[in-house]
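Structure first, commentary second.
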Amino acid sequence: MESTARGDPAAVLRLEALTVSFGGSGSPIRAVRGVDITLRAASVHALVGESGAGKSVSAKAVLGLLPRSATCGGRILFHDTDLLSLPARSLRAIRGKRIAMVFQQPDKHLNPTMRVGSQVAEVLRYHNGLERREALLQARSLLDMVELNGREVLRSFPHELSGGMKQRVAIASAIACRPEVLIADEPTTALDVTIQSQILALLDRVRRELGTAILFISHDLPLVRGFADDVSVLYAGRIVEQATSRELFSCAHHPYTDRLIAATPDPARRGERLAAIRGSVPDPQDVPAGCAFAPRCPMAADRCRVEVPPLRLSEDADGSQRRSACHFAEQLICGSLHDG
Numbered sequence: 007m008e009s010t011a012r013g014d015p016a017a018v019l020r021l022e023a024l025t026v027s028f029g030g031s032g033s034p035i036r037a038v039r040g041v042d043i044t045l046r047a048a049s050v051h052a053l054v055g056e057s058g059a060g061k062s063v064s065a066k067a068v069l070g071l072l073p074r075s076a077t078c079g080g081r082i083l084f085h086d087t088d089l090l091s092l093p094a095r096s097l098r099a100i101r102g103k104r105i106a107m108v109f110q111q112p113d114k115h116l117n118p119t120m121r122v123g124s125q126v127a128e129v130l131r132y133h134n135g136l137e138r139r140e141a142l143l144q145a146r147s148l149l150d151m152v153e154l155n156g157r158e159v160l161r162s163f164p165h166e167l168s169g170g171m172k173q174r175v176a177i178a179s180a181i182a183c184r185p186e187v188l189i190a191d192e193p194t195t196a197l198d199v200t201i202q203s204q205i206l207a208l209l210d211r212v213r214r215e216l217g218t219a220i221l222f223i224s225h226d227l228p229l230v231r232g233f234a235d236d237v238s239v240l241y242a243g244r245i246v247e248q249a250t251s252r253e254l255f256s257c258a259h260h261p262y263t264d265r266l267i268a269a270t271p272d273p274a275r276r277g278e279r280l281a282a283i284r285g286s287v288p289d290p291q292d293v294p295a296g297c298a299f300a301p302r303c304p305m306a307a308d309r310c311r312v313e314v315p316p317l318r319l320s321e322d323a324d325g326s327q328r329r330s331a332c333h334f335a336e337q338l339i340c341g342s343l344h345d346g
């Protein structure tokens, strides 16, 4: 797996050495510390990790949705255009049309005083310049596409819909202009298991039918395992492992990834005690020297506490590539920490 793919014709979005910090020049809070990600057309790339890892901050940086106190560095390339260098007006023309986002809580992004149809139609009127009647007709078709009764839901208010229906409306709005990239930030967290499965199936249909690339943010590893093509594991603002979903879940090459998988319920390990990751993600203002995971890592040595491990490229037995940021990645036998 290539984490950066300069010249890759399938790459629609590339984050190159992305950094995000908050606050003044005196003591800025570094939330993202040099993230490299490549997202290819019609593929799903998942960002996983505990809260505070930098997943959502990285995603919001793509669309310029961070507060004014944020300072971004590196590059965010949409095709060959660096989004970080665009003026606000040019970025607004891309945001919502060519790159769209689905949020964790649709309630916060739906106007309670407007009918659903008008809200979906508004996206089409703003970006595509449609007249109101034509926009409403297309909005109804979009609601049908996300498996709602477009005729009925078009005239509904958000409070009349269930959580799953609201998320479908949010997806309809996001795909209204057939975006090339869809950022899905924890889109199933507040939903029950059955609805989660339906929403993922819908997103997969969007990927297949529209050719949309999806940046999928989640802390739910079972969902990621069955949905993503590639996975980046974030910890304290850095990527600690990147691999295809199949390779990452079959054999982790970083202790943090290994512990995350071991701490996830698995029917195949029924009756076994779930592993726990001691401690917590460090405060962005107080990230330890060396490897940020060292204070929680059962493999940590003196070297880990003083030297930041680079994200190294390695090749698996089948020829697939992955990257891991651990001084002792070669010594980590698959599942070797599960009982630790």
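Position 296 of the sequence shown, counted from 1, bears residue number 302 in our numbering, the numbering being contiguous throughout.
Glycine is no exception: its CB is placed at the ideal position from the N, C-alpha and C atoms.
These figures come from a predicted structure and were not determined experimentally.
Beta-carbon separation of residue i and residue j under 7 Å?
| i | j | result |
| --- | --- | --- |
| Arg-121 | Arg-146 | no |
| Ala-47 | Ala-219 | yes |
| Glu-321 | Gln-327 | yes |
| Val-237 | His-260 | no |
| Leu-19 | Phe-109 | no |
| His-133 | Lys-103 | yes |
| Leu-296 | Arg-311 | First, the residue type needs correcting, since residue 296 is Gly and not Leu in the sequence shown. Result yes, Cβ atoms of Gly-296 and Arg-311 sit closer than 7 Å. |
| Ser-179 | Val-129 | yes |
| Thr-3 | Gly-79 | With the chain covering only 7 through 346, there is no way to say anything about residue 3. |
| Leu-143 | Gly-123 | no |
| Leu-148 | Arg-174 | no |
| Ser-49 | Asp-264 | no |
| Ser-27 | Thr-87 | no |
| Leu-188 | Ala-268 | no |
The beta strand (DSSP E) with residue i in it runs from where to where?
| i | result |
| --- | --- |
| Asp-264 | No beta strand (DSSP E) contains Asp-264, which is instead part of the alpha helix (DSSP H) from 261 to 268. |
| Met-107 | 105 to 108 |
| Gln-52 | In the sequence under discussion, the amino acid at residue 52 is Ala, which differs from the Gln named in the question. First-last of the beta strand (DSSP E) with Ala-52: 50 to 54. |
| Leu-254 | Where Leu-254 is concerned, there is no enclosing beta strand (DSSP E), although the alpha helix (DSSP H) it sits in stretches over 251 to 256. |
| Ala-219 | 219 to 223 |
Report all residues from its chain with a CB closer than 8 Å to the CB of residue i; omit the five preceding and five following residues, and keep chain order.
| i | result |
| --- | --- |
| Gln-111 | Ala-196 |
| Val-230 | Ala-52, Val-54, Phe-222, Ser-224, Val-237, Ser-251 |
| His-333 | Cys-297, Ala-307, Arg-309, Cys-310, Glu-313, Pro-315 |
| Pro-294 | Pro-288, Ala-300, Pro-301, Arg-311 |
| Leu-338 | Ala-258, His-259, His-260, Pro-261, Asp-264, Met-305, Cys-332 |
Can you name the start and end residues of the alpha helix (DSSP H) that residue i belongs to?
| i | result |
| --- | --- |
| Ile-100 | 94 to 100 |
| His-133 | 122 to 134 |
| Thr-200 | 199 to 216 |
| Met-171 | 169 to 180 |
| Asp-150 | 138 to 151 |
| Leu-227 | 227 to 233 |
| Leu-83 | First-last for Leu-83: 76 to 84, but that is the beta strand (DSSP E), not the alpha helix (DSSP H). |
| Gly-40 | Per DSSP, Gly-40 belongs to no alpha helix (DSSP H); it is in the beta strand (DSSP E), 35 to 46. |
On the criterion of 16 or more Cβ atoms from any shown chain inside 10 Å, does residue i qualify as buried, or is it exposed?
| i | result |
| --- | --- |
| Glu-186 | buried |
| Ser-75 | exposed |
| Arg-329 | buried |
| Ala-99 | exposed |
| Gly-156 | buried |
| Arg-276 | exposed |
| Gly-217 | exposed |
Which residue wins for smallest C-alpha separation from residue i, given the options the options?
| i | options | result |
| --- | --- | --- |
| Met-151 | His-133, Ala-182, Pro-73, Arg-276 | Ala-182 |
| Leu-280 | Ser-286, Leu-240, Leu-266, Asp-292 | Leu-266 |
| Ser-62 | Leu-148, Ser-330, Pro-271, Ala-190 | Ala-190 |
| Leu-21 | Ala-331, Ile-35, Asp-14, Leu-45 | Leu-45 |
| Gly-169 | Tyr-241, Asp-198, Glu-192 | Asp-198 |
| Ser-286 | Ser-64, Ser-27, Leu-92, Glu-56 | Glu-56 |
| Ala-249 | Glu-192, Asp-292, Asp-210, Leu-319 | Leu-319 |
Is there at least one non-hydrogen atom of the ligand GTP closer than 6 Å to the beta-carbon of residue i?
| i | result |
| --- | --- |
| Leu-148 | Questions concerning the ligand GTP fall outside what the structure shown contains, since it holds no ligand whatsoever. |
For residue i, I'd like the list of residues in its chain whose CB is within less than 6 Å of its CB, leaving aside the five on either flank, ordered along the chain.
| i | result |
| --- | --- |
| Gly-70 | Leu-97 |
| Leu-206 | Phe-233 |
| Val-68 | Ile-82 |
| Ala-11 | With a pLDDT of 46 at Ala-11, under the threshold of 50, the modelled position of this residue cannot be trusted, and the question is left open. |
| Thr-270 | Leu-227 |
| Ala-23 | Gly-40, Gly-80 |
| Gly-60 | Ala-37, Val-38, Leu-240, Gly-243 |
| Gly-58 | Val-287 |
Excluding sequence positions up to five away, which residues of its chain have a Cβ less than 7 Å from the Cβ of residue i?
| i | result |
| --- | --- |
| Thr-194 | Gln-202, Ile-205, Leu-206, Leu-229 |
| Gln-125 | Leu-116, Asn-117, Ser-179 |
| Glu-253 | Asp-322, Ser-326, Arg-328 |
If we define contact as Cβ-Cβ less than 7 Å, is residue i a contact residue for chain B?
| i | result |
| --- | --- |
| Ala-269 | Of the protein chains in this structure there is only one, and it is not chain B. |
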